[in-house]
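Chemist: Here it is, the structure in full.
Protein chains: 4
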Amino acid sequence: MPRVQERSRARRQQVLDAALQVFSERGYSDTAIDEVARVSTTSKGGVYFHFPSKQALFLALLDEASGQLLERVEAAMRETPDPLARGEAALREALRVFGSHRLLARLLLVEAVGAGREFNAKLNELHAAFATLIAGCLDEAKAAGLLPECDTQIVAHAWYGAVNQVVVRWLLTGEPRRLEDAYPALRSLLFYGVFGPPRQEPR
Amino acid sequence: MPRVQERSRARRQQVLDAALQVFSERGYSDTAIDEVARVSTTSKGGVYFHFPSKQALFLALLDEASGQLLERVEAAMRETPDPLARGEAALREALRVFGSHRLLARLLLVEAVGAGREFNAKLNELHAAFATLIAGCLDEAKAAGLLPECDTQIVAHAWYGAVNQVVVRWLLTGEPRRLEDAYPALRSLLFYGVFGPPRQEPR
Amino acid sequence: MPRVQERSRARRQQVLDAALQVFSERGYSDTAIDEVARVSTTSKGGVYFHFPSKQALFLALLDEASGQLLERVEAAMRETPDPLARGEAALREALRVFGSHRLLARLLLVEAVGAGREFNAKLNELHAAFATLIAGCLDEAKAAGLLPECDTQIVAHAWYGAVNQVVVRWLLTGEPRRLEDAYPALRSLLFYGVFGPPRQEPR
Amino acid sequence: MPRVQERSRARRQQVLDAALQVFSERGYSDTAIDEVARVSTTSKGGVYFHFPSKQALFLALLDEASGQLLERVEAAMRETPDPLARGEAALREALRVFGSHRLLARLLLVEAVGAGREFNAKLNELHAAFATLIAGCLDEAKAAGLLPECDTQIVAHAWYGAVNQVVVRWLLTGEPRRLEDAYPALRSLLFYGVFGPPRQEPR
DNA sequence: AATGAATGAGTCTTCATTCAT
DNA sequence: GATGAATGAAGACTCATTCAT
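Given below as structure tokens:
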């Protein structure tokens, strides 16, 4: 209601947007708060009004970014009842989101990684959240007798890592041109392994 | 023979060893050259005598570390003629090396990642080298009619990423207790996908 | 009006004043920004807030100093219509300014000289400005038929150098006690050469 | 006689030559002993064997350089009995030496100037030596009744400064193309002032 | 809310000098 | 005599953070 709060919130978002841009371009350590302030058309003090410290700003950004990512993926999964199809949907949506939000991808998969021990916990949360999502599908499929016994956690993390590395490669080398083009190969590997789908899989 | 050169080389190695320790504990940005100097029982100037800059030191370290890793994995592969068994060997050896060289693992898979754009190239080299190794196995196996057609590059990177993420998880959470315990699940996923080996595979 | 800007400007001037003192006492290279900060009762960061680098600070100082000097000399010349009398006035005023601003003299005539190639351009500007001033008098006097043909540029620079060296000697040896006492001899040399004024000096 | 001493002396000279080159290109502070060592095809230790410190090296260089300059000028003066002609000879020879030894000129007239208080004494020596040379001519001419009374010291220093500034201008701007071309104008100014030689110049 | 001047600790880097070999 | 590895003090510069206005 109060106009003032609205403005404040808008300002805050402005700062977060600038932070996404700058942090994902320069990395955590090489980013100066001054730069964030400039990009958000605010002042240094302005940034500090909304976030108590650089660390907190980065953390908030990670929160927002991973929240958005998870939300989108979860939404895609929610619409898919079949557990394995849900896994496919998650995979496809993840590639879609990363592919259309390069900055977010770079932030989460590159810049946040070596940024300092303070951020490992947050990153772990993200890893765990995704792993849990995937593990959920797997467990459900297993319960339905569709899958054999396996170490769900390991498989879930490996799955997640496979996707990430494809995204990282895209970020760093530009290949494949369209990230989503990696979907079929990824899907095939994760579902059927290197041997590919049995016999006459319709591709 | 020349005593002096030997000492110099030893000193250089001493510095690299210290650098591995400090960089992988604190990360690139949070590491002070002073700290590296102290750990190598040298002086700051001593470090700078052997390496022209912090960046160069880190780069040299990445070189050495990835060189060692690759060497070990390639050695394991060299002893295995069958292309698919070779892939397994690579996987197992990678887990073995990382599992017994935590610092090296942390350096390559965590600290080097967000350390700055200057290091992306070097990291890409490593990614590419591994992907090429794996892609070599896959292509050979395909040529032998053992595998169906697939996007080798994507699959190779995904494979590599799957392994890395399992290692990262181990680094950050300590699970699984022994990294090599992740081998069976990883191998199964990468070879047969989530559906696992066909029928009564002897596990 | 805006109080803040006023303070900022005052601070800036404070730093410049301190810089004049320290640079002209210790020279460019032997001056630490810390020292300038201390003398200006600011912090190192404060200095850097107003000047982007040591070099820029020194340059700004040279600008200010040579600006002041030129202004005073030009003012003295402006009041003197006769071209040759104007030359005398310039000479006398230069000695006056240097004589009462030892730091400025030392800065411009000693410390700035070997301070580095980056400052040569600025120094040249000063030389050129003075030479132009003097050359102006000479040319005007020539046009009025008071002087014979001569290489104005060389003469102007020589004139300027003659004055400077007398000032430098005063700076380094303390002689003559009062710089302005050098005026008659200098004036005589520059106007009439070593032979001095003809018999009953026309003047 | 002893070969060893000869070599040592040659080495020493090698270092001095390198020092002249490097110091006059980079200035005192921006010159690293390493650079001098490299240019003299010696090692850092080698330089320190012949000169106890950077300061001592620079001082020795100043000594050698001003010695050479003085020697040449004194030689030119020795051959000229008439006091005023001797002054002319000194002037001409100074321009000749500087004109054909740019590095020496730059060293003495630019780089040594703001190099630090430690070198002021040495520079003063040079100034005093030249002033004394010139003052000698003047005094002798005065004794012969050729010149009127004047403050010899001031005139001598001014004379010296006039020459120097012309040389400095040449060093910094490249004008006049050939330094010796400045001779006539300089000579005229110093002998007859801005009014130039009386009527039909005796020359 | 916002600004931007100010602080000062922290870092990389340079380099004169020393000295074992 | 000469080398070059090693030292450590010194210094420019950065930047997260604070705070008066």
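Chains as they are written, first to last, in the numbering used here: chain A, 41 to 243; chain B, 41 to 243; chain C, 41 to 243; chain D, 41 to 243.
Heads up, the beta-carbon is just placed ideally off N, CA and C, and yes, glycines get one too.
(1) Which word fits residue 146/D, buried or exposed, when buried means at least 16 other C-beta atoms lie within 10 angstroms of its C-beta?
(2) Looking only at its own chain, which residues have a Cβ that is under 6 Å from the Cβ of residue 67/B, when we skip the five neighbours before and after it?
(3) In terms of alpha-carbon separation, which member of 93/A, 165/A, 117/A, 104/A lies closest to residue 320/A?
(4) For residue 140/C and residue 100/D, what's the separation of their Cα atoms in angstroms?
(5) How would you write the range of the alpha helix (DSSP H) that residue 190/C sits in, first residue to last?
(6) Helix, strand or coil for residue 234/A per DSSP?
(7) Can the beta-carbon of residue 204/C be found less than 7 Å from the beta-carbon of residue 201/D?
(8) Could you tell me which uninterrupted alpha helix (DSSP H) segments, each at least 4 residues in length, are contained entirely in the region 86 to 165 of chain B, listed from first to last along the chain?
(9) Could you have a look at residue 71/D and say whether DSSP puts it in helix, strand or coil?
(10) For the alpha helix (DSSP H) that contains residue 57/C, what are its first and last residues?
(11) With DSSP as the reference, label residue 209/A as helix, strand or coil.
(12) Roughly how many angstroms lie between the CA atoms of residue 51/B and residue 156/B, to the nearest whole one?
(13) I need the DSSP call for residue 171/A, collapsed to helix, strand or coil.
(14) Just the chain B side, please: which residues come within less than 7 Å of residue 209/A by C-beta, in chain order?
(15) Helix or strand or just coil, what does DSSP make of residue 83/C?
(16) Within its chain, find whatever has a CB closer than 6 Å to the CB of residue 199/D; leave out the 5 residues flanking it on each side and keep chain order.
(17) Are residue 137/D and residue 112/D closer than 7 Å when you measure CB to CB?
(18) Check the Cβ of residue 230/D against every Cβ in chain C and list those closer than 7 Å, keeping chain order.
(19) Quick one: Cα of residue 128/A to Cα of residue 86/C, how far?
(20) Can you give me the Cβ contacts of residue 90/C inside the same chain, cut-off strictly under 7 Å, excluding the 5 residues immediately before and after it?
(21) Taking 7 Å as the threshold (beta carbon to beta carbon), is residue 188/D in contact with chain C?
(22) From residue 216/C to residue 142/C, what distance separates their C-alpha atoms?
(23) Can you tell me whether DSSP reads residue 227/B as helix, strand or coil?
(24) At a Cβ threshold of 7 Å, is residue 212/D touching chain C?
(25) State whether the region 220 to 234 of chain C contacts the region 188 to 198 of chain D, with contact taken as three or more CB pairs (one from each stretch) at a distance under 8 Å.
(26) Is DSSP giving residue 196/C helix, strand or coil here?
(27) What is the DSSP secondary structure of residue 241/D, reduced to helix, strand or coil?
(28) Could one say the Cβ of residue 107/C lies closer than 7 Å to chain D's Cβ atoms, at least one of them?
(29) Listed in chain order, which residues of the region 124 to 154 of chain A have Cβ atoms closer than 9 Å to some Cβ of chain B?
(30) What does a CB cutoff of less than 6 Å around residue 242/B pick up in its chain, not counting 5 residues either side in sequence?
(31) How many Å lie between residue 109/A and residue 58/B at the Cα?
(32) With a Cβ-Cβ cutoff of 7 Å, do residue 102/C and residue 162/C count as a contact?
(33) Quick check on residue 158/D - is its C-beta less than 7 Å from some C-beta in chain C?
(34) Apply the 10 Å Cβ neighbour rule to residue 47/D and answer buried if 16 or more other Cβ atoms are within range, or exposed otherwise.
(35) Note down, in chain order, all residues in the region 67 to 92 of chain B with a beta-carbon under 7 Å from any beta-carbon belonging to chain A.
Modeler: Judging by the given coordinates:
(1) As a working mapping, residue 146/D is identified with position 106 in the fourth sequence. The residue in question, residue 146/D, is buried, as its Cβ has 16 or more Cβ neighbours within 10 Å.
(2) Position 27 of the second sequence holds residue 67/B. If you ignore the 5 residues before and after residue 67/B, its C-beta comes within less than 6 Å of the C-beta of 151, all in its own chain and listed in chain order.
(3) The requested residue 320/A does not occur in the structure, where chain A is confined to residues 41 to 243.
(4) If you number the third sequence from 1, residue 140/C lands on position 100. If you number the fourth sequence from 1, residue 100/D lands on position 60. Roughly 35 Å separates the two Cα atoms.
(5) Here residue 190/C refers to the residue found at position 150 when the third sequence is read from its first residue. Per DSSP, residue 190/C belongs to no alpha helix (DSSP H) and is neither H nor E.
(6) Position 194 of the first sequence holds residue 234/A. Three-state DSSP puts residue 234/A in coil, outside helix and strand.
(7) By one-based count along the third sequence, residue 204/C stands at place 164. By one-based count along the fourth sequence, residue 201/D stands at place 161. Contact: yes.
(8) 94 to 118, 123 to 140, 142 to 146
(9) Residue numbering aside, residue 71/D sits at position 31 when the fourth sequence is read from its first letter. Coil, per DSSP.
(10) Here the question's residue 57/C lines up with position 17 in the third sequence. Its alpha helix (DSSP H) spans residues 43 to 66.
(11) Residue numbering aside, residue 209/A sits at position 169 when the first sequence is read from its first letter. Here residue 209/A sits in helix by DSSP.
(12) Translated into positions along the second sequence, residue 51/B becomes position 11. Translated into positions along the second sequence, residue 156/B becomes position 116. So the two alpha carbons sit approximately 27 Å from each other.
(13) Start at 1 with the first residue of the first sequence, and residue 171/A comes out as number 131. Residue 171/A falls in the helix class under three-state DSSP.
(14) Sequence index remark: in the first sequence, residue 209/A carries index 169 (1-based). Ordered by position in chain B, the residues that pass the 7 Å Cβ test against residue 209/A are 167, 197.
(15) Locating residue 83/C in the third sequence gives position 43, where the first residue counts as 1. Coil, per DSSP.
(16) The residue you call residue 199/D lines up with position 159 of the fourth sequence. Result list for residue 199/D: 174, 230, in chain order.
(17) In the fourth sequence, residue 137/D corresponds to position 97, counting from 1. In the fourth sequence, residue 112/D corresponds to position 72, counting from 1. Result yes, Cβ atoms of residue 137/D and residue 112/D sit closer than 7 Å.
(18) What you label residue 230/D is simply residue 190 of the fourth sequence in a count that begins at 1. Chain C residues near residue 230/D: 233, 234.
(19) Locating residue 128/A in the first sequence gives position 88, where the first residue counts as 1. Locating residue 86/C in the third sequence gives position 46, where the first residue counts as 1. Spanning the two alpha carbons is a distance of roughly 58 Å.
(20) Indexing the third sequence from 1 puts residue 90/C at position 50. Excluding sequence neighbours, residue 90/C sits near 51, 52, 55.
(21) By 1-based counting over the fourth sequence, the position of residue 188/D is 148. With 7 Å as the cut-off, residue 188/D counts as an interface residue toward chain C.
(22) The residue you call residue 216/C lines up with position 176 of the third sequence. The residue you call residue 142/C lines up with position 102 of the third sequence. Residue 216/C and residue 142/C: Cα-Cα distance of roughly 14 Å.
(23) Reading the second sequence from its first residue, position 187 is the one you call residue 227/B. In this structure, residue 227/B counts as helix in the three-state DSSP scheme.
(24) Within the fourth sequence, numbered from 1, the residue matching residue 212/D stands at position 172. Closer than 7 Å to some Cβ of chain C, the Cβ of residue 212/D qualifies, so yes.
(25) yes
(26) Here residue 196/C refers to the residue found at position 156 of the third sequence. Note: residue 196/C maps to helix in three-state DSSP.
(27) Translated into positions along the fourth sequence, residue 241/D becomes position 201. Note that residue 241/D scores a pLDDT of 45, beneath 50, so its modelled location is shaky; the value from the coordinates is reported in the next line. Coil.
(28) For the purposes of this step, residue 107/C is taken as residue 67 along the third sequence, with counting starting at 1. Not one chain D Cβ lies under 7 Å of residue 107/C.
(29) 124, 127, 149, 150, 151, 152, 153, 154
(30) As a first step, residue 242/B is located in the second sequence; it is residue number 202 there, counting from the start. Low local confidence applies: a pLDDT of 45 at residue 242/B is under 50, so the model's placement there is unreliable, with the coordinate-based value given in what follows. The answer is none, since no qualifying residue turns up.
(31) The residue given as residue 109/A occupies position 69 in the first sequence. The residue given as residue 58/B occupies position 18 in the second sequence. Going from the Cα of residue 109/A to the Cα of residue 58/B covers about 39 Å.
(32) Numbered from its first residue, the third sequence carries residue 102/C at position 62. Numbered from its first residue, the third sequence carries residue 162/C at position 122. A contact, by the Cβ cut-off of 7 Å.
(33) Residue mapping note: residue 158/D aligns to position 118 of the fourth sequence, counting from 1. Not an interface residue.
(34) On the fourth sequence, position 7 is the one that residue 47/D refers to. Label assigned to residue 47/D: exposed.
(35) 67, 68, 69, 70
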